[in-house]
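Letter by letter, the sequence shown follows residues -18 to -1, 1 to 476 in mature numbering (1 follows the signal peptide of the UniProt record, and there is no 0).
First comes the structure, then the notes that go with it.
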Amino acid sequence: MAITYLLVFCLAATACSCQENKFPPWFLFGAASASYQIEGGWNAHDKGESTWDRLVHTNPAAIEDGSNGDVACDSYHLWMRDIEMAEELGLTLYRFSISWPRLLPTGYPNIISEDGKNYYNNLIDGLLEKGIEPLVTMYHFDLPQSLQDLGGWANPLIIDWYVDYARVVFSLYADRVKLWLTLNEPFGICDAGYNLQHAPYLNNTDFGRFMCNKNVMLAHAKTWRVYDEEYKPLYHGKVSLSTLFIWYEPATPEDQELTDLVIEHWEGRYVHPIFSKEGGWPPAIEKFLLEDGKKKGYPNPLLPPFTDEEKELVRGTYDFYGLNHYSSRLVRKAKPGEVFSWPYYGSPELGVVFENHPDWKQAALNWFALYPEGLLHQLRWLKKTYGVEEILITENGYMDSYKGTDDWERLGYIRDNLEQVQLALQEGINVTGYTHWTLMDNFEWTSGYTVNFGLYAVDFSDPNRTRTPRESAKYYSQVTRAHALLPLPPRDEA
Ligand code: BGC
């Protein structure tokens, strides 16, 4: 009797201490990827050319190692192995993106590629067979070049071109896909795309990025409304977009006002119109840019105003918040004549510099600070500022240039960030899942293959693009199966 009692007590005690580190049963563990970064097959069958195809082929010098995504991880052929890896990792969520020009070779719905259609059908069905929920990004930076030739995201007609594309996507896959992201990081599309950092690799920071900014907001909103009215009643899915949020802190209390402006500028411009109660542009930055435009001698506002009708159209078009978070930065006023590049090292028009806190460690590049607490601050800020009731972490990951598999720093990064997610959950912030960026090393945009973020290492010199799990993958797979935050494993120094 006493022994039985002791046994029961011990079991209960173990369960109880485990319980503290447990994630809620509904919490999703995922990994993410994006079409251009992994698929390859850039001209397979009838696939159209994308802006990234055009950039890497006509201007290889724009890519750090002169490489391209023509083959990348060859997921166009190796998608079954990708699903197997998702299964090895114990994922319940896999985020991937659909390549618009693969599905619609002309950019328009006049031709739907059979090959493209089947590729994504196979991927979705394969994931579902393994019990893995697909989280589908409809646009992750690879625009049909045919549409770029007509002005791309700076042309207001793109709002309807995008909605037409989205309708095809929903009509093909909404019966099985329940979680959708219309756009990945509009900051990358607009601010980086019009500042020689991303395709279309244009240099038009005064106008292009702001015209793009308004058009992406409207394209997202109209698409959300199509789903909400036509597909939600049938399939009960959820639609949002994913936005990049670096956690910004003032270097000194005097820098608080500037920091708030930085947040509105780099982040609020893509979020406030959708998630704030009042809608529209964030007021302080709208005012700032109006004055800045006048100073530069432009008669019209740089940031195109929303009409009242447009404001209403965009406001509230979300079912959850999709957060991409990697790093944190300190904000301080630039010294007279100080030179720095943006967006990672400062914001020229605001006259501010971003730097690291002396206590924060840094990863491969010094803009990438290791400050896991920044994630909790960010989650609190989002809840407080926008009152969002559900946050899905759509990207979080560690960058290095190490090609081996003993990636202890990445492993530590995952543990430390998941710890912050648990703290957020304990505070009542409803984080419904964590999606690690990324499943495997891939084409890291203008950095080519010089840096990586993968749970799996990929041998890019091997025609089979062999994928090998790293230490981080092993750890993450234990976490997903235990559904709990696990301590760091003993480090094998051999
Ligand atoms: C993007 C990914 C990118 C990752 C790491 C995110 O901004 O969505 O495509 O690879 O960050 O830089």
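In this text, a Cβ means the ideal position worked out from N, Cα and C, and glycines have one as well.
Bear in mind that the values here come from a model prediction, so they are computed numbers and not experimental data.
By alpha-carbon distance to TYR458, the top candidate from ALA43, PHE9, GLY72 and ASP28 is GLY72. Under a 10 Å Cβ-count criterion, PRO354 is classified as buried, with 16 or more other Cβ atoms of the shown protein chains found around its own Cβ. By the criterion of a C-beta distance shorter than 7 Å, PHE350 is surrounded in its chain by TYR308, SER309, GLN344 and MET381, once the five residues flanking it on both sides are discounted.
For ASN306, the CB falls within less than 7 Å of some heavy atom of the ligand BGC. Classified as exposed, THR234 has fewer than 16 neighbouring CB atoms from the shown chains inside 10 Å of its CB. Under the three-state reduction of DSSP output, GLU115 falls in the strand class. The beta-carbon separation of LEU200 and ILE141, rounded to 5 Å, stays under the 8 Å limit for a contact. Within its own chain, the residues whose Cβ lies closer than 6 Å to the Cβ of LYS196, once the five positions on either side in sequence are excluded, are PRO286, listed in chain order. Taken from the Cβ of GLN19, at least one heavy atom of the ligand BGC lies inside 7 Å. CA-to-CA, the gap between VAL296 and LEU154 works out to about 25 Å.
By the CB criterion at 8 Å, THR417 and ARG77 fall inside the cutoff. The region 270 to 280 and the region 311 to 322 do not touch, with fewer than three beta-carbon pairs separated by less than 8 Å. The C-alpha of PRO451 lies about 20 Å from the C-alpha of HIS465. Between the region 37 to 54 and the region 63 to 72 there are fewer than three inter-stretch CB-CB distances shorter than 8 Å, so the stretches are not counted as touching.
As a beta-bridge residue in DSSP terms, PRO126 pairs with SER32. The count of Cβ pairs closer than 8 Å, one atom from the region 376 to 394 and one from the region 435 to 449, reaches three, so the stretches are in contact.
Bounds of any alpha helix (DSSP H) do not take in TYR353, whose DSSP letter is neither H nor E. Rounded to whole angstroms, the Cβ separation of THR414 and PHE302 is 7 Å, and the two are in contact under 8 Å.
Between the ligand BGC and the CB of ALA44, the shortest heavy atom gap is not smaller than 7 Å. Annotation for GLU426 indicates a beta carbon within 7 Å of some heavy atom of the ligand BGC. The ligand BGC has no heavy atom closer than 7 Å to the beta-carbon of PHE350. Taking a 10 Å sphere around the C-beta of MET193, we find 16 or more other C-beta atoms and assign the residue as buried. Taking non-hydrogen atoms of the ligand BGC into account, the C-beta of ALA406 is found less than 7 Å away from none of them. At least one heavy atom of the ligand BGC is found less than 7 Å from the C-beta of LEU226.
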